[in-house]
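Novice: Once you've had a glance at the structure underneath, I'll fire off some questions.
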Amino acid sequence: MAGTDKRKQSLYFPEEMLREIQEEATRQDRSLSWVVQQAWRIARERIKAFPAVNDVTGEPALPDTREEA
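Everything in the sequence shown is counted per this note's numbering, starting at 2 for the first residue and increasing by one.
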């Protein structure tokens, strides 16, 4: 079951956005993680519709050196 695989990941949000997420988590008596997961589930199809960088520039993407660690 996909819901049982838990991995720790650091995410960085602008201060105002984080405050809003924290307020919503408090309002719903849920964790920050739960709120972000629900937001992703709701927005996933819309985000997938965004053009990829390659689609906009027509050039192959350069490797992301941040992922080489």
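For each residue, glycine too, the CB sits at the ideal point set by N, CA and C.
For my contact list, residue 25 and residue 36 are in at a C-beta cut-off of 8 angstroms; report their separation, rounded to the angstrom.
Specialist: Walking along the sequence shown from the start, residue 25 turns up at place 24. Walking along the sequence shown from the start, residue 36 turns up at place 35. About 5 angstroms separates the two Cβ atoms, so the contact holds.
Novice: CB residue 12 to CB residue 23, shorter than 9 angstroms?
Specialist: The residue you call residue 12 lines up with position 11 of the sequence shown. The residue you call residue 23 lines up with position 22 of the sequence shown. Against a cut-off of 9 angstroms, the Cβ pair of residue 23 and residue 12 comes out as no contact.
Novice: What's the gap between the Cα of residue 8 and the Cα of residue 41?
Specialist: Here residue 8 is taken as the residue at index 7 of the sequence shown, counted from 1. Here residue 41 is taken as the residue at index 40 of the sequence shown, counted from 1. Approximately 16 angstroms, taken between the alpha carbons.
Novice: Check residue 10 in the structure and name its three-state DSSP category.
Specialist: Counting from 1 along the sequence shown, the entry for residue 10 is found at position 9. It is coil, neither helix nor strand.
Novice: Just curious, the alpha helix (DSSP H) that residue 20 is in, first and last residue?
Specialist: Numbered from its first residue, the sequence shown carries residue 20 at position 19. Here the alpha helix (DSSP H) through residue 20 covers 16–29.
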